[in-house]
Amino acid sequence: MGIQIAPSILSADFARLADEAAAVSNADWLHVDVMDNHFVPNLTLGLPIVESLAKATDTPLDLHLMIEDPDRWAPGYVEAGASSVTFHVEACRAPIRTAREIRAKGARAAMALKPATPIEPYEDMLSELDMILIMTVEPGFGGQKFLDICLPKIRRAKALLDKHGLDLWIEIDGGVSAETIERCAEAGADVFVAGSAVYAADDPNAMIEKLRGLAEG
Ligand code: DX5
Ligand code: ZN
């Protein structure tokens, strides 16, 4: 395992995605936010663009599906080239079946929790997953302020994983920056999505290394 830094292309120039992926060559994973204007009030991209992006970069694609009916769409994102596919439990009708389908097709399966969604109801299905994504902003937009109220949930997630002897990744998404990343790492997170912090930096790769250093402590 170890710290993973995943820049979000939501903050990139969508007309130049291949170049924008290349601009963050130090990234461990590239975070791709799929929004459908129903689950969240914003619209981004879908399968054809993910398919093209997967061919244009060697960096593993970390798909974050902020869409209704992820049960129907998640497996297609694995076929499109994703290394991990994250669905929101709030929108998923059959999270265990969906996680199994993602894994069967060869990607990491992850479930995402909005800030007000507790982790405890999902304790018994954690073994079906490779990763938990804990949102630290309300999903939908980049550049929002980090919600400190989400930190206890990171700690509770880590405690549940320890209790069951599971080694899932804990991914944090929203408002991650040089100012907030240490708190998340201390709480138990090990995968860090950063959109605006990386893409607004003068040197995105230097910012990735700065974030990595802070998270490693
Ligand atoms: C927001 C997306 C995030 C977004 C994060 O709903 O899921 O991945 O890109 O952007 P920052 O890092 O700017 O908060
Ligand atoms: Zn995201």
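As numbered in our numbering, the sequence shown has no gaps in its residue numbers, which increase by one up to the final residue, 1020. Glycine included, every Cβ here is placed at the ideal spot set by N, Cα and C. It should be emphasised that the depicted structure is a prediction, and the values quoted were computed from it without experimental measurement.
Tell me whether residue i counts as near the ligand DX5, meaning its Cβ is closer than 7 Å to at least one heavy atom of that ligand.
| i | result |
| --- | --- |
| residue 811 | yes |
| residue 827 | no |
| residue 842 | no |
| residue 979 | yes |
| residue 853 | no |
| residue 940 | yes |
| residue 992 | no |
Which of helix, strand or coil does DSSP assign to residue i?
| i | result |
| --- | --- |
| residue 982 | coil |
| residue 889 | strand |
| residue 881 | helix |
| residue 817 | helix |
| residue 958 | helix |
| residue 896 | coil |
| residue 856 | helix |
| residue 964 | helix |
| residue 952 | helix |
| residue 969 | coil |
| residue 862 | coil |
| residue 942 | coil |
| residue 905 | helix |
| residue 928 | helix |
Drop a sphere of 10 angstroms on the beta-carbon of residue i, count the other beta-carbons inside from all chains shown, and report buried for 16 or more, exposed for fewer.
| i | result |
| --- | --- |
| residue 952 | exposed |
| residue 841 | exposed |
| residue 834 | buried |
| residue 817 | exposed |
| residue 928 | exposed |
| residue 967 | exposed |
| residue 851 | exposed |
| residue 1020 | exposed |
| residue 864 | buried |
Between which two residues does the beta strand (DSSP E) carrying residue i extend?
| i | result |
| --- | --- |
| residue 808 | 807-810 |
| residue 832 | That residue, residue 832, is in no beta strand (DSSP E); it is neither H nor E in DSSP. |
Nearer than 7 Å: is that true of the beta carbon of residue i relative to any heavy atom of the ligand ZN?
| i | result |
| --- | --- |
| residue 891 | no |
| residue 888 | no |
| residue 1042 | Lying outside 804 to 1020, the shown extent of the chain, residue 1042 is not represented and no answer is given. |
| residue 933 | no |
| residue 1047 | Since the first residue of the chain shown is 804 and the last is 1020, residue 1047 is not available in this structure. |
| residue 881 | no |
| residue 867 | yes |
| residue 1001 | no |
Mind checking who residue i pairs with in its DSSP beta bridge?
| i | result |
| --- | --- |
| residue 867 | 836 and 889 |
| residue 974 | 936 and 994 |
| residue 911 | 887 |
| residue 916 | 937 |
| residue 846 | 839 |
Can you tell me where the alpha helix (DSSP H) with residue i in it begins and where it stops?
| i | result |
| --- | --- |
| residue 1010 | 1007-1019 |
| residue 1000 | 999-1002 |
Taking CB distances under 8 Å as the criterion, tell me whether residue i reaches chain D.
| i | result |
| --- | --- |
| residue 970 | Reference to chain D is not applicable here, since this structure consists of a single protein chain. |
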